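Residue numbers (the working numbering), protein chains in the order written: chain P, 478 to 807; chain D, 478 to 807; chain Z, 2 to 217; chain B, 2 to 217. Think of the CB as a built atom: it goes at the ideal place given N, C-alpha and C, for glycine as much as any other residue. Predicted, not measured: the structure shown is a model, and the values here were computed from it.
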Ligand SMILES: Nc1ncnc2c1ncn2[C@@H]1O[C@H](COP(=O)(O)OP(=O)(O)O)[C@@H](O)[C@H]1O
Ligand SMILES: Nc1ncnc2c1ncn2[C@@H]1O[C@H](COP(=O)(O)OP(=O)(O)O)[C@@H](O)[C@H]1O
Ligand SMILES: [Mg+2]
Ligand SMILES: [Mg+2]
Ligand SMILES: [Mg+2]
Ligand SMILES: [Mg+2]
C-alpha cells in the first residue's frame, strides 16, 4: 500500500513537524509529543487536555486553540499516548484552576490517562476526567470494555472548551463534558478497511460488494457485515441504532463525519439522507457539521453523531473557536 | 467500487441537497444548480462567480461566502457546468458593479464560461474573466491546451474575494486575480487513480508500486510514471518543477493540498518536507494551508501550490473570510 | 430511392443518434478514460437523451429547427468541451438551413461545413490535433466529393460515414494538441480520440437513417 | 545446574525477550489485526527495544532493578492497553523483589503473582475474558505447582512456558469481554488473543534463558 511518507517509523514525528510548520500559533514539542496552545497556560482558565492514537486527524491536535483544547497528546498510530506525554501536556496547560482530561473510552487510553493523572496529582494539579463513550455499535457493556469513544469527542471538546474559555470552574466544565457525552450517540460504517503505515496492508478483508456496519475508528472490524447498501439505507440503519438509544429531548447537533477516505461530495450526499430521515422522524437539527473530523486514516466510510442540545449547549457550540480544524466567530 | 451514494445518476443533486441542509447561510438552487451567498447581490460589490465539474469539493461551493465567492456552479462529475448555470449565477450576484468569472483553464470550462459571458453581456452585465492556469506539469503550451487550472484557484478566489469585499472596482479585482495566477505554480502527484460514480472503476491503472507525477484533478493520468518514492523525494521532484517556473521574488503562500483520498496525517507529513526543502532553498513561507481543498474525489495524492506574495497579497490572504471550507478573522 | 431531407428525416436521425449513444456510450467513456477524464460517453448520452426528450415535447417542423433544437439542448445539458463544440456546431448548422421545410443534399453539405467551421473557430484546433475535427473534416470532404461525382444522398452519406470512421481510426497514432488529451503529451499516442469516435457514430447514424429509408 | 536468579539472569532474559519480540512481532500484529487494531507486535517491539536500550546504558545490579526498569520503559514507551498492563505488572513484580542481588525461585513465584494481581486490578479482567491473564494465570500456577513438587528452576520455568502456551491457545474459542476484541462480540471467537500470545513468548524466554544457562 502506497503512502505519502518517508517510512513507517517516522510517520508521527514527521507529521508533527509538518503541523508545527503549518501552525505557528501552536507550540508543538516534537520530542515530548505534545501540542499546546501558544498562549497556555491561560491565567485562571481550566486547562483541557485530550489525546489518543495518531491516525484520527484532525482529532485531537487540530482542535487545539482558543475555545477548545489547550493541549493534545498524539500517540503512535492507533495506540494511546503514554502517561509521560499526558503529564507533560497537563503541566503545560495548568494555570491553577485544574485540568480536564477528555478520554475516549478505550482500555489503553483510560489506563494511560489514569496513570498520568496520578503523576500530576502528585504535583498538586487537580484533574477531572471526562470519559467519552458514544458508540452505540458496542451494545452490551457487561460483556465488553464498554462503548467506544468516537465522534462525540468533537462535541465534548468544543463545548467544554467554550465553557472553560468563559472562565467556568473545573467541576462545571467537567460536568458539561459529561452531559454532552451522555446526550450523544454515534454509529459508523466502513466501505473499506484501514491500512496503517506499520502494517502496510488493510487491517481486515472487506469484499468489494460488502460493507461493515458499526465500525470503530481503529480499523477494528464492525459488528456486522452486509451486502453494499445505498446511502439512504445506510443512513436509515445508522439512525435507527442511534435514535433507539439517544435520550429523548429537543433539537440535536449533528455531525456527519468522514472516516478519511470518503470524498466530501459523498459526505454531503450522506448528510442529505440524514436530514431527510431526521425530518421524517420529527427530529429537529439545530446545527450540522459535515466533514472529516474523527477519522481512521484512509478508511472509506462515515459516522453519524447526534447530540441532544438544549439552548445552553447550542450557545456553547456557537461560541467562538479558533483551531486548525474548527474555526468560527473570531 | 463502493461509494456512499444512492446511485450514479443522482450524485450531484443529492449532494447539493446535503450542502443546503448543512449550510443555511447559502442559497442552494438544486434545480438550476447554483450555490449563492444568501446576502447576494451585495450592494455596490463586484460579484465573483466560479464553477467547474463536481468532484473537487470543497472547491468551488465550499468557498462561497463573505470575503470569497458570491456564487458557484457545480457541473456534472468532472464535467464543466453549462452556460445556463453560469448565466443564472452571474445574474444572481450582479449588483451593477460587474462580475468576475474565475475560470480554470480547461477547454470545457473556458468554452462554457465564454458562452455564458455572451449571454449575460447581452443583458448588460459587465463580465471580466480571470483564467487560472497554474499547473506546471503541463509544460509546452504550444502543443497543448495550455496549463491546467488547479490549486491556485483557491488563492485566486480568496484574494479576489477579499478585494471585492473591500469594494474595489471590477478592473482592479480582475487584475489582482490575474496577478495571483501569474504568481502561482502547482504540481501534483497521484498514488491511486480516481473512480467516478458513473464509471465505477478507476479511470486508469496504476500498479501498486508506482506513482503518477504531474497529474491533474480529473483523473487524467500524469506525464510520467515512476516507482514509488518517499514523501521527501516527491516533495523535491514537485518543488523542482515549481521553482523552475515560479517568477522570482519574496515570500510565498503555500498550499499543501490533498487530492481527497490521502489522510490529513500524510498531508502534514508532506508539508514538513515541503517546508524543509523550501528552507534549504532559501524560500520564505509567509502562510501555509494544509488540507483537502482542490480534490479529485477519492484519489490518493497531493499537490503543492506556491504563490509569490507581496505585502498586499498577504494582507488580502489574511483578510476575514467566512465560507464552509475556509474561515478566519470573523 | 433517396429519402427527402425533411424534419422527419432529421428526427429519425436524432432517434438513431440517441440510440447509438446509449449503446456505445460505455465504449466512448472507455476511450476517454485512456486519454481524458472518462466522461465522453456519459456526456453524449446525457445530451442526446435531453435533446430527444425536448424535441419529442414540441417536434420542430423544419430540418433547421431540429438541428438548432438539438444544438441548444447539447449546449445547456452537456457541459465539458464537447457540449459547446457539438452544440454550437449543430446550432449553427441548423441556422444555416433557415426555415426551409426540406433541404437538398448540397445544402446539407454547406451545413456540415458550417459545423466544421464552428468547431475550428471555437476550439482553435487544426486537423491532426487529435480531436473531433479529424473525423469531421475528411467526412465532409468525402460527402462533398461523392455528391460532386454524381452520387445520391444515401451513397454520399455512406461515403461520409466511412471517411469519418477512417478519420477516427487515424487519430490513434497522433499526439493530441488540444483538449484534455494534450496534457498527456506523448502518452496520448496510441489511443483513439473519443470525440472523433462519437462524430463517426453520428455520421453513421445519418447514413443508416438514409439507407433505412431508401431500403423501404 | 539451575542458574542463579541474579541481575545478569534477568538481563539475559531481557535480551531473549527483545529478540523474540523482534522475531515474532509480525505474528502478534497479525493476531491483533484479526480482533484488534493491528499493533500489538509493533507495541511490544517498540517497548522491549526501548527497555533493552535503556538498561544497556545503565545496567541495574539487582533482579528487582531490571524488572522495575523494564516496566518503567514499557509504561513510558508503549502506550495502548498493553503498555500500562505489562509495564505495571513488571514494575510491581520488580518492586516486590526489593534490592536483593539475587532471588530464590520462590521469590520469583511471588513476583509473578504480584504481576498477575497488577493486571487484574488495572484491567479488571477475569480469567476467561480472552486477555493476557489467560496465559499468565495458568503459567504462574504451573510454575508454583512444579516448585511445590520439588522441581528446580529450569524445570519449573519449562512447565510455566508450556502452560502459558496452552493458555494462549485456549483463548481461541473464547469470546472476548475486555479490551478492543470485546467490541467484536461473537466475531472475536476463533482467534487467539495477541496479549496472551506475547505473554507466552515472554515466559518462554524465561524458560529458554534458564535452560541455556543450565546447559552450559
Ligand atoms: N479544442 C478542441 N477542438 C475540437 N475538439 C475538441 C477540443 N477539445 C476537446 N475536443 C474534443 O472533445 C472530446 C472530449 O469531449 P468530452 O470528454 O465530452 O469533454 P471533456 O474533455 O471536457 O471531458 C475530445 O475527444 C475531442 O475530440
Ligand atoms: N482489560 C484488560 N485486561 C487484561 N489484558 C487486556 C485488557 N485489555 C486488553 N488486554 C490485552 O492487551 C492486548 C492488546 O494489546 P495492544 O494491542 O498492544 O493494545 P491495544 O488494544 O490498545 O491496541 C490484548 O490482546 C489483551 O491480551
Ligand atoms: Mg492499539
Ligand atoms: Mg469532462
Ligand atoms: Mg471527457
Ligand atoms: Mg492493539
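According to the DSSP assignment, residue 175 (chain Z) belongs to no beta strand (DSSP E), since it is labelled neither H nor E.
Remark: the C-beta of residue 164 (chain Z) is outside contact range of ligand 1, defined as less than 7 Å to any heavy atom. Secondary structure note for residue 484 (chain D): it is in no beta strand (DSSP E), with a DSSP letter that is neither H nor E. Contacts with chain D (Cβ-Cβ distance below 7 Å) from the region 728–741 of chain P involve 737, 738, 739, 740, 741, listed in chain order. Taking a C-beta distance under 8 Å as the contact criterion, residue 763 (chain P) and residue 791 (chain P) qualify as a contact pair.
Residue pairing from DSSP leaves residue 169 (chain B) without any beta-bridge partner.
Within the same chain, Cβ atoms closer than 6 Å to the Cβ of residue 183 (chain Z) are found at 177, the five residues on either side in sequence being excluded. Counting along the chain, no alpha helix (DSSP H) covers residue 761 (chain D), and no H or E run does either. Residue-level contact check: residue 76 (chain B) touches chain P, since one or more beta carbons of chain P fall below 8 Å from its beta carbon. In the structure shown, the three-state DSSP call for residue 533 (chain P) is coil. Closer than 7 Å at the C-beta level to chain B, one finds these residues of the region 584–608 of chain P: 584, 585, 588, 589, 592. If you draw a 10 Å sphere on the C-beta of residue 685 (chain D), you find fewer than 16 other C-beta atoms in it, and that means exposed.
Bridge pairing for residue 207 (chain Z): absent [DSSP].
The DSSP assignment places no complete run of the beta strand (DSSP E) inside the region 106–145 of chain B (cut-off: 3 residues). Residues of the region 17–42 of chain B with a C-beta atom less than 7 Å from some C-beta of chain P are 30, 34, 37, 38, 39, 40, listed in chain order. Look at the beta carbons and you see the region 567–577 of chain D touching the region 522–531 of chain D: at least three pairs across the two are nearer than 8 Å. The C-beta distance from residue 580 (chain P) to residue 562 (chain P) rounds to 13 Å, too long to meet the 8 Å contact threshold. For residue 537 (chain P), the nearest beta carbon of chain D is not closer than 8 Å to its own beta carbon. Spanning the alpha carbons of residue 201 (chain Z) and residue 700 (chain P) requires a straight line of approximately 53 Å. In the three-state reduction of the DSSP assignment, residue 32 (chain Z) falls in the helix class, which pools H, G and I. For residue 729 (chain P), the enclosing beta strand (DSSP E) starts and ends at 729–735.
By the Cβ-count criterion, residue 106 (chain B) is buried, with 16 or more other Cβ atoms from all chains shown falling within 10 Å of its own Cβ. For the region 554–592 of chain D, the full-length alpha helix (DSSP H) segments reaching 4 residues or more read 560–570 along the chain. Interface residue (Cβ-Cβ distance to chain P less than 8 Å): residue 85 (chain B) is classified as such. Pairing residue 545 (chain P) with residue 803 (chain P) gives a Cβ-Cβ distance under 8 Å.
In chain order, the residues positioned with their C-beta nearer than 5 Å to some heavy atom of ligand 5 are Z:33, Z:37, Z:38, Z:40, Z:41. Of the residues assessed, residue 522 (chain D) falls on the buried side of the cut-off, its CB having 16 or more other CB atoms within 10 angstroms.
The continuous beta strand (DSSP E) containing residue 779 (chain P) extends over residues 778–785. When Cβ-Cβ separations below 8 Å define contact, residue 664 (chain P) makes no contact with chain B. Residues of chain P with a Cβ closer than 7 Å to the Cβ of residue 498 (chain D) are, in chain order, 748, 749, 752, 765.
Counting only unbroken stretches of 3 or more residues, the beta strand (DSSP E) elements lying wholly within the region 602–681 of chain D are 604–609, 661–667, in sequence order. No residue range can be given for residue 510 (chain P), since it is assigned to no beta strand (DSSP E) and is classified by DSSP as neither H nor E. Residue D:732 holds the alpha-carbon nearest to the alpha-carbon of residue 780 (chain D) among D:796, D:732, D:760. Around residue 188 (chain Z), the beta-carbon contacts reaching into chain D at under 8 Å are 698, 700. Excluding five sequence positions before and after residue 30 (chain Z), the CB atoms of its chain that fall closer than 7 Å to its own CB belong to 39, 40, 41, 42, 43, given in chain order. At a cut-off of 8 Å between beta-carbon atoms, residue 50 (chain Z) makes no contact with chain D.
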